Amino acid sequence: MMRRLLALMFLCLASCALYLGVSVARVGALTFPLDDAWIHWTFARNLALHHEFAFVPGQPSAGSTAPLWTIALTPAFLLPLAPDWWTYLLGTLLLLGSVALVYRIALCLFADRFVATACALITALEWHLNWAAFSGMETLLFVTLLLLMFALYIEGRPGWLVGLVAGLCVLTRPEGVILFALIVAHESLVARRWWNVLAMGAVFVLPLLPYVAFNWSTSGLLFPNTFYAKQVEYAELFAHETAAAHYLHLLSVTLVGAQVLLVPGFIYALYRSARERRWAVLVLAGWWLLLPLAYALRLPVDYQHARYEMPVIPAFQLLGFWGTWRLRERLPAGMLARVLTRAWALTTALLLVGFWFIGASARADDAEAINCLEVQTAQWLAANTQRADVVAAHDIGAIGYYLADRPLIDLAG
Numbered sequence: 002m003m004r005r006l007l008a009l010m011f012l013c014l015a016s017c018a019l020y021l022g023v024s025v026a027r028v029g030a031l032t033f034p035l036d037d038a039w040i041h042w043t044f045a046r047n048l049a050l051h052h053e054f055a056f057v058p059g060q061p062s063a064g065s066t067a068p069l070w071t072i073a074l075t076p077a078f079l080l081p082l083a084p085d086w087w088t089y090l091l092g093t094l095l096l097l098g099s100v101a102l103v104y105r106i107a108l109c110l111f112a113d114r115f116v117a118t119a120c121a122l123i124t125a126l127e128w129h130l131n132w133a134a135f136s137g138m139e140t141l142l143f144v145t146l147l148l149l150m151f152a153l154y155i156e157g158r159p160g161w162l163v164g165l166v167a168g169l170c171v172l173t174r175p176e177g178v179i180l181f182a183l184i185v186a187h188e189s190l191v192a193r194r195w196w197n198v199l200a201m202g203a204v205f206v207l208p209l210l211p212y213v214a215f216n217w218s219t220s221g222l223l224f225p226n227t228f229y230a231k232q233v234e235y236a237e238l239f240a241h242e243t244a245a246a247h248y249l250h251l252l253s254v255t256l257v258g259a260q261v262l263l264v265p266g267f268i269y270a271l272y273r274s275a276r277e278r279r280w281a282v283l284v285l286a287g288w289w290l291l292l293p294l295a296y297a298l299r300l301p302v303d304y305q306h307a308r309y310e311m312p313v314i315p316a317f318q319l320l321g322f323w324g325t326w327r328l329r330e331r332l333p334a335g336m337l338a339r340v341l342t343r344a345w346a347l348t349t350a351l352l353l354v355g356f357w358f359i360g361a362s363a364r365a366d367d368a369e370a371i372n373c374l375e376v377q378t379a380q381w382l383a384a385n386t387q388r389a390d391v392v393a394a395h396d397i398g399a400i401g402y403y404l405a406d407r408p409l410i411d412l413a414g
């Protein structure tokens with residue numbers, strides 16, 4: 002087991018190095034593929050240097066839906082190394098952690114080392130997750146905590162520990178409550194361990210109380226103001242498409258990549274899990290189905306390679322590969338079965354590697370665009386404006402980072 006994990010970790014590290022290498026070769030520098038990453042850096046710098054949760058020093062702000070990610074980034078501004086390196090190191094470690102947790106979950110659910118290794122391998126090379134690891138965003142921290150929460154639950158760890166990790170999940174992204182709700186439903190209706198449910202719920206709220214109190218004291222709202230601002234900004238999307246159409250689209254974007262070949266296996270996994278009463282497996286299926294539904298109803302967007310939907314991809318891959326492996330057993334023995342199995346395996350491998358390169362190229366393109374449109378603009382403004390000048394912009398990430406001493410107006414709310 003340890004040898005397999007070490008091999009997977011080495012592959013993951015090689016993937017990370019090559020991903021960053023493609024970006025550096027294209028852009029000429031390490032930079033982020035989206036402007037929002039600079040917002041997290043600005044919050045983290047102010048927390049590290051001024052000990053306040055603020056975008057503009059001296060003005061506490063409930064402007065982050067991922068406060069735990071901000072806290073995780075603060076060492077970047079305390080350690081004697083460039084902030085980029087801490088951020089990318091963190092992304093690498095989180096990708097490694099996600100791969101290890103996928104292996105652990107698959108082994109616990111399916112008791113098959115080959116299936117566990119294959120699922121972890123697919124996760125290590127999945128292009129969305131590699132993109133997210135070096136996006137400067139909270140996505141991989143969220144994925145890792147979600148997988149850890151589920152792993153602790155299916156391994157029968159204490160309810161309070163599951164609840165604690167669930168609370169940290171919600172501090173990373175509010176929609177983490179969906180998977181926690183599914184786990185609580187399973188514990189209540191299937192396992193019927195009521196004291197465990199109470200322990201989960203009681204500890205779950207503890208990490209959230211300071212966050213909710215801070216939001217309420219600074220903005221009068223339970224959630225960050227950006228949580229509401231995005232919904233207002235994209236409200237017009239509901240006038241053009243129904244919620245059902247948005248939902249089907251958001252489900253489909255999670256299948257862009259080699260995982261599209263796992264769709265028949267995923268369907269078969271649902272069938273086998275229901276027949277064999279593997280309710281914990283269906284919790285993962287519910288997570289894949291419900292997160293896109295929540296976004297279809299509130300924020301039906303798929304920008305930045307569907308980064309809001311990325312966290313469900315490991316769940317789909319776990320069920321999809323296991324179902325495919327079980328489906329293989331239904332094929333009649335003989336030459337045809339061997340040909341079909343090998344053709345599927347080869348096609349999946351080619352798609353996995355092919356989309357890895359597409360993702361690396363997309364990450365480089367994104368970083369090049371942000372460097373040109375946002376970072377260079379921010380650097381020019383820093384050099385050519387005075388401290389008293391008011392700067393108004395739609396994207397204030399890099400601008401806010403470089404113009405920390407200028408009054409800013411966020412035109413996006």
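Each residue of the sequence shown is one higher than the one before, counting from 2 in the numbering used here.
The beta-carbon is built from N, C-alpha and C at its ideal position, and this holds for glycine as well.
Just so we're clear, the structure is a prediction, and the values are computed from it rather than from any experiment.
Burial state of F11 (16 or more Cβ within 10 Å): As a first step, residue 11 must be located in the sequence shown, where it is residue number 10. By the 10 Å Cβ count, F11 comes out exposed.
Check: L404 C-beta below 7 Å from any heavy atom of the ligand PLP: With respect to the ligand PLP, the structure offers nothing, as it holds no ligand at all.
Neighbourhood of L404 by C-beta distance below 7 Å, restricted to the same chain and skipping five residues each side: The residue labelled residue 404 in the question sits at position 403 within the sequence shown. Excluding residues within five positions, the ones whose Cβ falls inside 7 Å are A379, L382, A383, V392.
contact_flag[the region 157-175, the region 208-228] where n(CB pairs < 8 Å) is 3 or more: yes
From G398, L374, L409, residue whose alpha carbon lies closest to that of Q387: Working through the sequence shown from its first residue, we reach residue 387 at position 386. The residue with the shortest Cα to Cα distance from Q387 is L409.
Whole-angstrom distance between S253 and Q260, CA atom to CA atom: Numbered from its first residue, the sequence shown carries residue 260 at position 259. Numbered from its first residue, the sequence shown carries residue 253 at position 252. Rounded to whole angstroms, Q260 to S253 spans 11 Å at the Cα level.
Short Cβ contact (8 Å threshold) for G137 with F33: For this step, residue 137 is matched to residue 136 along the sequence shown. For this step, residue 33 is matched to residue 32 along the sequence shown. Against a cut-off of 8 Å, the Cβ pair of F33 and G137 comes out as a contact.
Of the residues C17, H51, P68, the one placed nearest I40, counting alpha carbons only: The residue you call residue 40 lines up with position 39 of the sequence shown. Checked all of C17, H51, P68; the closest Cα to I40 is P68.
Close beta carbons around V25, own chain, < 8 Å, minus the five adjacent residues each side: Taking the sequence shown and counting its residues from 1, one reaches residue 25 at position 24. Only L31 meet the Cβ criterion.
Extent of the continuous beta strand (DSSP E) run through A393: Taking the sequence shown and counting its residues from 1, one reaches residue 393 at position 392. That run of the beta strand (DSSP E) goes 392-394.
Integer Cβ distance of M201 from V178, believed to fall under 8 Å: Taking the sequence shown and counting its residues from 1, the one referred to as residue 201 is at position 200. Taking the sequence shown and counting its residues from 1, the one referred to as residue 178 is at position 177. That belief does not hold up - the Cβ atoms of M201 and V178 are roughly 12 Å apart, past 8 Å.
At least 3 beta-carbon pairs within less than 8 Å: the region 261-276 vs the region 138-158: no
Sub-8 Å separation of A121 and V100 beta-carbons: As a first step, residue 121 is located in the sequence shown; it is residue number 120 there, counting from the start. As a first step, residue 100 is located in the sequence shown; it is residue number 99 there, counting from the start. Yes. Within cutoff.
Local Cβ density within 10 Å of D37, reported as buried at 16 or more and exposed below that: For the purposes of this step, residue 37 is identified with residue 36 of the sequence shown, where counting begins at 1. With 16 or more Cβ atoms within 10 Å of its Cβ, D37 is classed as buried.
For I314, three-class secondary structure by DSSP: Against the sequence shown, residue 314 aligns to sequence position 313. If DSSP states are grouped into helix, strand and coil, I314 belongs with the helices.
Per DSSP, cross-strand counterpart(s) of D411: Position 410 of the sequence shown holds residue 411. Partner(s): A394.
Host beta strand (DSSP E) of A55 (start-end): Residue 55 sits at position 54 when you count from the first residue of the sequence shown. Segment 55-57, the beta strand (DSSP E) holding A55.
CB of I314 within 8 Å of CB of E127, strictly: Locating residue 314 in the sequence shown gives position 313, counting from the first residue. Locating residue 127 in the sequence shown gives position 126, counting from the first residue. Cβ distance < 8 Å, so I314 and E127 count as in contact.
Q60 - DSSP class collapsed to helix/strand/coil: Taking the first residue of the sequence shown as position 1, residue 60 is located at position 59. DSSP places Q60 in strand when its eight states are reduced to three.
Same chain only: Cβ atoms within 6 Å of A119, ignoring 5 sequence neighbours per side: Looking up residue 119 in the sequence shown gives position 118. Excluding sequence neighbours, A119 sits near F322.
Ordered list of alpha helix (DSSP H) runs contained in the region 145-176, each at least 4 residues: 160-173
Status (buried if at least 16 other CB within 10 Å, exposed otherwise) for G59: Position 58 of the sequence shown, counted from the start, is the residue given in the question as residue 59. Per the 10 Å Cβ criterion, exposed.
L190, buried or exposed, once every other Cβ within 10 Å from all chains shown has been counted against 16: What you label residue 190 is simply residue 189 of the sequence shown in a count that begins at 1. Exposed, by the Cβ-count rule.
Cβ-Cβ separation, H306 to W132 (assumed contact under 8 Å), whole Å: In the sequence shown, the residue the question calls residue 132 occupies position 131. In the sequence shown, the residue the question calls residue 306 occupies position 305. Contact flag correct, Cβ pair sits at about 6 Å.
Under the three-state DSSP convention, the category T255 falls into: Indexing the sequence shown from 1 puts residue 255 at position 254. Here T255 sits in coil by DSSP.
Cβ neighbour criterion (16 or more within 10 Å) applied to W196: By one-based count along the sequence shown, residue 196 stands at place 195. Counting Cβ neighbours within 10 Å, W196 comes out exposed, since fewer than 16 surround it.
Straight-line gap, W288 to L180 (C-alpha atoms, nearest Å): Walking along the sequence shown from the start, residue 288 turns up at place 287. Walking along the sequence shown from the start, residue 180 turns up at place 179. One C-alpha to the other measures close to 6 Å.
Straight-line Cα distance separating D367 from R27: Here residue 27 refers to the residue found at position 26 of the sequence shown. Here residue 367 refers to the residue found at position 366 of the sequence shown. Straight-line Cα distance between these residues: approximately 11 Å.
Close Cβ partners of A55 (< 6 Å) along its chain, the five nearest in sequence each way excluded: Position 54 of the sequence shown, counted from the start, is the residue given in the question as residue 55. The residues are N47, P61, S62.
Residue of Q318, R174, Y272 minimising C-alpha distance to T71: Mapped onto the sequence shown, residue 71 falls at position 70. The shortest C-alpha separation from T71 is found at R174.
Cβ-Cβ separation, L319 to L332 (assumed contact under 8 Å), whole Å: Walking along the sequence shown from the start, residue 332 turns up at place 331. Walking along the sequence shown from the start, residue 319 turns up at place 318. No, L332 and L319 are not in contact; Cβ-Cβ is about 22 Å, not under 8 Å.
Inter-residue spacing [alpha-carbon to alpha-carbon] between H247 and W217: For the purposes of this step, residue 247 is identified with residue 246 of the sequence shown, where counting begins at 1. For the purposes of this step, residue 217 is identified with residue 216 of the sequence shown, where counting begins at 1. H247 and W217: Cα-Cα distance of roughly 32 Å.
Of the residues F111, W357, E369, the one placed nearest G258, counting alpha carbons only: Along the sequence shown, read from residue 1 onward, the residue named residue 258 stands at position 257. Selected option, being the one with the closest Cα: W357.
Alpha-carbon to alpha-carbon, I371 and R364: Position 363 of the sequence shown, counting from 1, holds the residue named residue 364. Position 370 of the sequence shown, counting from 1, holds the residue named residue 371. Distance between the alpha carbons of R364 and I371: 11 Å.
8 Å Cβ cutoff met for L142 and L130: As a working note, residue 142 is residue 141 in the sequence shown. As a working note, residue 130 is residue 129 in the sequence shown. Against a cut-off of 8 Å, the Cβ pair of L130 and L142 comes out as no contact.
Close Cβ partners of R105 (< 7 Å) along its chain, the five nearest in sequence each way excluded: Taking the sequence shown and counting its residues from 1, one reaches residue 105 at position 104. A152, listed in sequence order.
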